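The opening residue of the sequence shown carries number 5 in the working numbering; numbering runs sequentially from there.
Backbone N, C-alpha and C define an ideal beta-carbon position, used for all residues, glycine too.
Treat the numbers as computed from the prediction; the structure is a model and nothing was measured.
Notes follow once the structure below has been shown.
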Amino acid sequence: MNLSSKAVRAAQNMLVGESGLKVSVEAIREQNGTLASEARFQIDTDYWSQKLSERIPLNRNPKISIALIKLYRGQKEKLAEFGALATLQMELVSTHERADSLQVLQSDFVDALCDVLNRNQGLWSKGVYYAGGFTVDISPVAKGGLNFVQNATISFEIHLWQE
């Protein structure tokens, strides 16, 4: 498996694992008193341009797309093992009939994604290490077809190496 696939697969496994996103979303909803039903969402590794993603039918549940957006390989030592610094991006797309409900939904999922990253600092798998730190960008609510749409992106760096 190449480094880019390894990075994306490790992030996806972290989110769907036993202590992943579902646990965080349900804990946040319980804390807010909004635990109405099971937390449903979709996680995939699609990476579409904004123009193409507008043509794809939206889900009723929030969708998280994980993608590698940058891979940097710098040679610092001649005898060092092959390593790289990867920038991953998780894009959260949510839709809802009401703008106020959408902002609450989006906020819960952004908080949950940040919680999962905070709880999973360290070694994700063989050759994939997350030291911590991330950047969150949230777009304003927009009208999208019959519903309202809001996007958020969380970018973070992980260290990769191959033995």
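Run of the alpha helix (DSSP H) containing residue i, from where it starts to where it stops
{"i": "Glu-30", "result": "25 to 36"}
{"i": "Asn-17", "result": "7 to 20"}
Element boundaries [beta strand (DSSP E), containing residue i]
{"i": "Glu-95", "result": "86 to 100"}
Residue i classed as buried or exposed, judged by whether at least 16 other C-beta atoms fall within 10 angstroms
{"i": "Phe-86", "result": "exposed"}
{"i": "Glu-101", "result": "exposed"}
{"i": "Tyr-134", "result": "buried"}
{"i": "Asp-112", "result": "buried"}
{"i": "Val-20", "result": "exposed"}
{"i": "Leu-150", "result": "exposed"}
{"i": "Thr-99", "result": "buried"}
{"i": "Leu-164", "result": "buried"}
{"i": "Lys-67", "result": "buried"}
{"i": "Leu-127", "result": "exposed"}
{"i": "Glu-22", "result": "exposed"}
{"i": "Ala-71", "result": "buried"}
{"i": "Ser-129", "result": "exposed"}
Which listed residue (the options) has its alpha carbon closest to that of residue i
{"i": "Gln-173", "options": "Gln-154, Asp-115, Ser-129 and Val-153", "result": "This structure cannot settle anything about residue 173, because the visible part of the chain is limited to 5 through 167."}
{"i": "Arg-33", "options": "Phe-45, Val-97, Val-108 and Pro-66", "result": "Val-108"}
{"i": "Arg-13", "options": "Met-94, Arg-77, Phe-45 and Gly-148", "result": "Met-94"}
{"i": "Ser-159", "options": "Gln-166, Phe-152, Ile-142 and Gly-131", "result": "Ile-142"}
{"i": "Tyr-76", "options": "Val-27, Leu-92 and Asn-65", "result": "Leu-92"}
{"i": "Gln-110", "options": "Gly-131, Ala-11 and Val-29", "result": "Val-29"}
{"i": "Leu-7", "options": "Val-97, Gly-148 and Ala-90", "result": "Ala-90"}
In DSSP terms, what residue i is bridged to
{"i": "Asp-48", "result": "Ser-69"}
{"i": "Lys-74", "result": "Thr-91"}
**OP:** Ignoring anything shorter than 3 residues or poking outside the segment 116 to 167, list the beta strand (DSSP E) runs there in chain order.
**Re:** 126 to 129, 132 to 134, 139 to 142, 146 to 148 and 151 to 166
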